[in-house]
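One structure below.
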Amino acid sequence: MKLSLCSYNSGALHQDYNAPLDNLQLLTAETGISGFATVRVPEQVFILDLLNKHSTEGLSTRELADQCGISIYKVRHLLLPLEKYGQVIRDKMQKHHQWFLSKETADINDHSNKEHYRLQQ
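All the letters of the sequence shown, read from the start, carry residue numbers 1 to 121 under this note's numbering.
Shown next, in the form of structure tokens:
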């Protein structure tokens, strides 16, 4: 699987106006028309941004939960699909996990001016 960046530039629309696009992506993914699995939950994008900011040392599940303001169980639930598609990697340290942004995701994020993530299957 490869990670590709998705950004849409339209001068006619407001910069944050992407509801029709999001609805279309969701519809195509659910009906099996599209071969793309998109990051759908805003918390996942926030987690990816946090991991990008702390790319050298990574963050534990607890640290991510504290910074996101959600439970560690919800963070784990959000991280597992990201790990499955190769956007994040984890390093198990005794009983705890340290999470890092994968190399491919970090490379794409470094070259982007917008932070829209798409997972290509």
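Note that beta-carbon positions come from the ideal geometry of N, C-alpha and C, so glycine has one too. Small disclaimer: the values here were computed from a predicted structure and weren't measured.
- Valine 88 sits close to leucine 51, with the two beta carbons spaced by under 8 angstroms.
- Excluding five sequence positions before and after glutamine 44, the CB atoms of its chain that fall closer than 7 angstroms to its own CB belong to Leu78, Leu82, given in chain order.
- Bridge pairing for serine 102: absent [DSSP].
- When secondary structure is reduced to three states using DSSP, valine 88 falls in the strand class.
- One Cα belongs to lysine 53, the other to lysine 84, and the distance between them is close to 21 angstroms.
- Counting other Cβ atoms within 10 Å of its Cβ, leucine 80 stays below 16 and is therefore classed as exposed.
- Collapsing the DSSP output to three states places histidine 54 in coil.
- In this chain, the alpha helix (DSSP H) harbouring glutamine 67 covers 61-68.
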